[in-house]
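Novice: Handing you this structure, nothing more for now.
Residue numbers (the numbering used here): 871 to 1269.
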């Protein structure tokens, strides 16, 4: 506030933080009209309810709105100072929206309005002000409830793997603040839990790369916004230092549509591929065999192998093909029929998160209760290889 008044030379006293509304009124930024009763000397958290109750016709002086329209620096100062000081708990950009200077307030998720992919920022403060990554130090921005907004990949954790279009990202926590060495297990809290929520919701995460990351994919200096990634998988394992770390597989969202699906074959069983094919576009991505998925679903007449439910839609039966050992890194499973299950959407989600595990005798265990809930249904034309079930159990036993 003091910076704003000093820069633009408007009359009025310096605002006193202990009496924010009186300070706001006296600063020359605010006009009162229609107020009944005395103006309370209330802190910012009590100011907005009082204004709503009194329903004043006043507001910021007209010159302030003119200033916001013409001066980007003033918009930043107002967002940082004016709203934060006098309207505690409110979104700073709400003021600009009310002044018809912005569209709907950015909720923190997805692309940041006005920021192009590839934009380089000098430091963390610049990332914060641009709303690309808000924490001044932390590598993950988000909450368990809403998911992760953004992450920074800057070589801070020894277990990180930056492959460009795919990132194997290590969660936060367990490091010595002085040495940066991992000294204890990571917990599924804070940013780690936020990334798991993003895995559940499918909400994309902004990725920022710092200059200290993998030289092949990082900027020469500062921090670069590198677009949106999906959290494709998450698990816990022992890292290079011997402590449990949370790891996340993030896959870059392509800027062009996926390749058209191949026509579905009829029986017999398609051969599939032990080694996956990749095609070169602006990124490298795995080409999944639609033929394999369609074969497995048809072999089970689109019935879930866990619950037996067959979903009918206006366009026909619906089921989902679930790979037992995932195709992407770090799993590198094969795209063959014996590595695929036919599942309903609910059991597909539970299986991917390891909440359902399947023993070699096909007994299905609900990990939330520890109870066996049935047996996986097989048919002669579609048999599951037990090595893939064993990999799935081992992979999720650590989580």
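C-beta: ideal position from N, C-alpha, C; glycine also.
(1) Short check: CB of residue 1010 to CB of residue 1018, under 7 Å?
(2) Residue 1243 and residue 1234: beta carbons closer than 7 Å?
(3) So for residue 1210, helix, strand or coil by DSSP?
(4) Check residue 1064 in the structure and name its three-state DSSP category.
(5) Can we say the segment 1092-1110 touches the segment 1174-1194, given the rule of at least three CB pairs closer than 8 Å?
(6) Which residues mark the beginning and the end of the beta strand (DSSP E) in which residue 1019 is found?
(7) Taking 8 Å as the threshold, find out whether the segment 983-992 comes into contact with the segment 1044-1060 through three or more Cβ pairs.
(8) Using three-state DSSP, classify residue 1003 as helix, strand or coil.
(9) When the Cα of residue 1093 is compared with those of 1022, 1068, 1111, which residue comes out closest?
(10) Taking Cβ to Cβ, would you say residue 1076 is nearer than 7 Å to residue 1020?
(11) Once you ignore the five residues that flank residue 987 on each side, which residues in its own chain have a CB closer than 7 Å to its CB?
(12) State yes or no: is the C-beta of residue 1194 within less than 7 Å of the C-beta of residue 1258?
(13) Enumerate in chain order the residues of its own chain whose CB-to-CB distance from residue 1058 is below 6 Å, with the five nearest sequence positions on each side excluded.
(14) When you compare each of 1027, 1224, 1210, 1113 to residue 1240 by their alpha carbons, which one comes out closest?
(15) Who are the Cβ neighbours of residue 1150 in its own chain at under 7 Å, not counting the five residues just before and after it?
(16) Could you tell me which of 1218, 1024, 1005, 1070 sits nearest to residue 1014, measuring between CA atoms?
(17) For the alpha helix (DSSP H) holding residue 1113, just list the boundary residues, first then last.
(18) Evaluate residue 1265 with the Cβ neighbour count: other Cβ atoms within 10 Å of its Cβ, from every protein chain shown; 16 or more gives buried, anything less gives exposed.
(19) Do residue 1190 and residue 1213 have their C-beta atoms closer together than 7 Å?
(20) Using the Cα positions of residue 1200 and residue 1033, report the straight-line distance between them to the nearest angstrom.
(21) Return the residue from the list 1101, 1091, 1081 that minimises the CA-CA distance to residue 1072.
(22) Nearest to residue 1209 by alpha carbon, out of 1085, 1167, 996?
(23) Do you know how far the Cα of residue 1108 is from the Cα of residue 1251?
(24) Starting from residue 1046, trace the alpha helix (DSSP H) in both directions and tell me its first and last residue.
(25) With a CB to CB cut of under 7 Å and the five nearest residues on each side skipped, what residues in its chain are close to residue 985?
(26) Thinking C-alpha only, which one of 1039, 1162, 1176 is nearest residue 1115?
(27) Please state whether DSSP places residue 991 in a helix, a strand or coil.
(28) For residue 1065 versus residue 1118, is the C-beta spacing smaller than 7 Å?
(29) According to DSSP, is residue 1101 part of a helix, a strand, or is it coil?
(30) With distance defined between alpha-carbon atoms, name the residue in 1005, 1085, 1110, 1236 nearest to residue 1054.
(31) Would you mind reading off the limits of the beta strand (DSSP E) that contains residue 1242?
(32) Ignore the nearest five residues each way along the sequence and tell me which others in residue 1172's own chain have a CB closer than 6 Å to its CB.
(33) If I measure Cβ to Cβ from residue 1087 and keep anything under 6 Å in the same chain, skipping five residues before and after, which residues do I get?
(34) Beta-carbon within less than 6 Å of residue 865's beta-carbon, same chain only, minus the 5 sequence neighbours each way: which residues are those?
Specialist: Checking against the coordinates, here is how it stands:
(1) Within the chain shown, numbered from 1, the residue matching residue 1010 stands at position 140. Within the chain shown, numbered from 1, the residue matching residue 1018 stands at position 148. Taking 7 Å as the Cβ cut-off, residue 1010 and residue 1018 qualify as a contacting pair.
(2) For the purposes of this step, residue 1243 is taken as residue 373 along the chain shown, with counting starting at 1. For the purposes of this step, residue 1234 is taken as residue 364 along the chain shown, with counting starting at 1. Yes, Cβ-Cβ distance for residue 1243 and residue 1234 is below 7 Å.
(3) As a position in the chain shown, residue 1210 is number 340, starting the count at 1. Three-state DSSP puts residue 1210 in a strand.
(4) One-based indexing of the chain shown puts residue 1064 at position 194. Correct three-state label for residue 1064: helix.
(5) no
(6) Numbered from its first residue, the chain shown carries residue 1019 at position 149. Here the beta strand (DSSP E) through residue 1019 covers 1017-1023.
(7) no
(8) In the chain shown, counting from the first residue as 1, residue 1003 sits at position 133. Coil.
(9) Taking the chain shown and counting its residues from 1, one reaches residue 1093 at position 223. The shortest C-alpha separation from residue 1093 is found at 1022.
(10) Here residue 1076 refers to the residue found at position 206 when the chain shown is read from its first residue. Here residue 1020 refers to the residue found at position 150 when the chain shown is read from its first residue. Yes, the Cβ-Cβ distance between residue 1076 and residue 1020 is below 7 Å.
(11) Looking up residue 987 in the chain shown gives position 117. Only 1095, 1096, 1097 meet the Cβ criterion.
(12) For the purposes of this step, residue 1194 is identified with residue 324 of the chain shown, where counting begins at 1. For the purposes of this step, residue 1258 is identified with residue 388 of the chain shown, where counting begins at 1. Yes. Within cutoff.
(13) In the chain shown, counting from the first residue as 1, residue 1058 sits at position 188. If we look at residue 1058 and ignore the five residues flanking it on each side, it has no Cβ neighbours.
(14) Residue mapping note: residue 1240 aligns to position 370 of the chain shown, counting from 1. That would be 1224, whose Cα lies nearest to the Cα of residue 1240.
(15) Taking the first residue of the chain shown as 1, we reach residue 1150 at position 280. For residue 1150, the predicted structure reports a pLDDT of 45, less than 50, and the residue's modelled location is therefore unreliable. The matter cannot be settled from this model.
(16) Taking the chain shown and counting its residues from 1, one reaches residue 1014 at position 144. Out of 1218, 1024, 1005, 1070, 1070 has the C-alpha closest to the C-alpha of residue 1014.
(17) Position 243 of the chain shown, counted from the start, is the residue given in the question as residue 1113. No alpha helix (DSSP H) contains residue 1113, which DSSP labels as neither H nor E.
(18) One-based indexing of the chain shown puts residue 1265 at position 395. The residue is buried, with at least 16 neighbouring Cβ atoms inside 10 Å.
(19) Indexing the chain shown from 1 puts residue 1190 at position 320. Indexing the chain shown from 1 puts residue 1213 at position 343. Against a cut-off of 7 Å, the Cβ pair of residue 1213 and residue 1190 comes out as a contact.
(20) As a working mapping, residue 1200 is identified with position 330 in the chain shown. As a working mapping, residue 1033 is identified with position 163 in the chain shown. Whole-angstrom Cα-Cα distance: 11 Å.
(21) For the purposes of this step, residue 1072 is taken as residue 202 along the chain shown, with counting starting at 1. The candidate whose alpha carbon is nearest that of residue 1072 is 1101.
(22) Indexing the chain shown from 1 puts residue 1209 at position 339. Minimum Cα distance to residue 1209 is reached at 1167.
(23) The sequence position of residue 1251 within the chain shown is 381, counting from 1. The sequence position of residue 1108 within the chain shown is 238, counting from 1. Computed Cα separation, rounded: 39 Å.
(24) Locating residue 1046 in the chain shown gives position 176, counting from the first residue. That residue, residue 1046, is in no alpha helix (DSSP H); it is neither H nor E in DSSP.
(25) Translated into positions along the chain shown, residue 985 becomes position 115. If we look at residue 985 and ignore the five residues flanking it on each side, its Cβ neighbours are 1000, 1002, 1095.
(26) As a working note, residue 1115 is residue 245 in the chain shown. Comparing Cα positions, the closest option is 1039.
(27) Within the chain shown, residue 991 is the residue found at index 121, counting from 1. Three-state DSSP puts residue 991 in a strand.
(28) Start at 1 with the first residue of the chain shown, and residue 1065 comes out as number 195. Start at 1 with the first residue of the chain shown, and residue 1118 comes out as number 248. Cβ atoms of residue 1065 and residue 1118: closer than 7 Å.
(29) Looking up residue 1101 in the chain shown gives position 231. Three-state result, residue 1101: strand.
(30) Indexing the chain shown from 1 puts residue 1054 at position 184. The shortest C-alpha separation from residue 1054 is found at 1110.
(31) Here residue 1242 is taken as the residue at index 372 of the chain shown, counted from 1. It spans 1241-1245 - the beta strand (DSSP E) in which residue 1242 sits, taken as one unbroken run.
(32) Start at 1 with the first residue of the chain shown, and residue 1172 comes out as number 302. Excluding positions up to five away in sequence, the list reads 1180, 1187, 1189.
(33) Within the chain shown, the letter at position 217 stands for residue 1087. Excluding positions up to five away in sequence, the list reads 1032, 1034.
(34) This structure gives no information on residue 865, because the portion of the chain shown stretches from 871 to 1269.
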